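Worksheet for the structure shown next.
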Amino acid sequence: MADVLATVRASLLDHFATEPDEASVTFLGADRMVILRFGSPDDGAAHYVSLGCSAHPMGDPADLMADPVRGPRAEVIVSLRGPSPVGLARSVAVVAAAPAVEGLVLEPDALIDLETPLWQGAPFTAFLLGRSDIDDVALPGPLSPVSVLSAVPITATEAAWVRLKGAPAMREAWEQDGVDVTDPRRRAASPA
């Protein structure tokens with residue numbers, strides 16, 4: 001069987017063209033989650049990418065005959081400007097571990113609400129998942145490719161808006177309001 005995580009890591013190194021800083025988080029009963037932090041001189045943002053979620057395909061935990069080879073695989077990336085927020089790595093790891101721990105399937109437009117600040121002093125309590133600018137990582141057949149999903153920190157108010165109107169409406173409101181979702185100190189959008 002192919003080493004999925006080594007393949008994903010190599011693809012991330014190729015995409016960012018730099019070596020990352022690395023932290024790891026372990027949850028009882030789950031595989032270790034590694035968080036890679038890539039700096040970007042182009043946009044001044046740091047990119048926090050999970051590595052570990054894609055080791056196994058995601059699926060319905062109630063499915064007694066889950067396919068151990070095929071099925072969606074994903075990692076998540078959070079991009080923020082400024083210094084590294086204390087506690088963000090743990091929140092990224094919680095989202096990345098959710099498929100193994102809670103049976104969630106991470107996919108675009110999913111709302112992952114942790115109901116607690118995503119980092120120390122943050123007004124954000126949830127992530128809105130979407131497509132990132134990182135290409136899917138191809139794996140040898142019959143393994144499904146790995147999607148690297150963007151995870152945008154959102155406030156409780158924005159999470160309520162997503163539940164009411166949907167993820168595309170939230171993204172449209174951000175665009176109309178000129179909201180920089182990579183700003184860790186931004187205020188919540190006020191969609192109409």
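Residue 162 in UniProt numbering sits at position 162 of the sequence shown, with consecutive numbering throughout. Even glycine gets a Cβ: it sits at the ideal position worked out from N, Cα and C. A quick note: this is a predicted structure, and the numbers were derived from the prediction, not measured.
Query, Result
"For Thr18, tell me which candidate among Arg9, Asp177 and Ser132 has the shortest Cα-Cα distance.", "Arg9"
"Which value, in whole angstroms, describes the spacing of the CA atoms of Glu158 and Val78?", "17 Å"
"Count the other CB atoms, across all protein chains shown, that sit within 10 Å of the CB of Thr26; report buried if there are 16 or more and exposed otherwise.", "exposed"
"Pull up the CB-CB distance for Pro72 and Met58, whole angstroms please, since I reckon it's below 8 Å.", "5 Å"
"Distance, Cα to Cα, Leu12 vs Lys165?", "33 Å"
"Return the residue from the list Pro142, Asp177, Arg37 and Ala74 that minimises the CA-CA distance to Pro85.", "Arg37"
"Could you tell me if Thr125 is buried or exposed, where buried requires 16 or more neighbouring beta carbons within 10 angstroms of its beta carbon?", "buried"
"Over the uninterrupted beta strand (DSSP E) stretch that includes Glu152, give me the two end residues.", "The residue asked about is misnamed: residue 152 is Val in this sequence, not Glu. Per DSSP, Val152 belongs to the beta strand (DSSP E) from Val146 to Thr155."
"Rounding to the nearest angstrom, what Cα-Cα distance links Leu106 and Ala74 in this structure?", "7 Å"
"Answer yes or no: do Val76 and Ala97 have a C-beta to C-beta separation smaller than 8 Å?", "no"
"Between the Cα of Val92 and the Cα atoms of Val148, Asp136 and Arg163, which residue gives the shortest distance?", "Val148"
"Would you report the Cα separation of Phe16 and Gly39, rounded to the nearest angstrom?", "8 Å"
"Check whether the Cβ atoms of Met65 and Leu128 sit closer than 8 Å, and answer yes or no.", "no"
"Give every residue of the same chain whose Cβ lies closer than 6 Å to the Cβ of Met1, excluding the five residues on either side of it in the sequence, and list them in chain order.", "Low confidence applies to Met1: its pLDDT is 44, below 50, so where it sits in the model is not reliable enough to give any reading."
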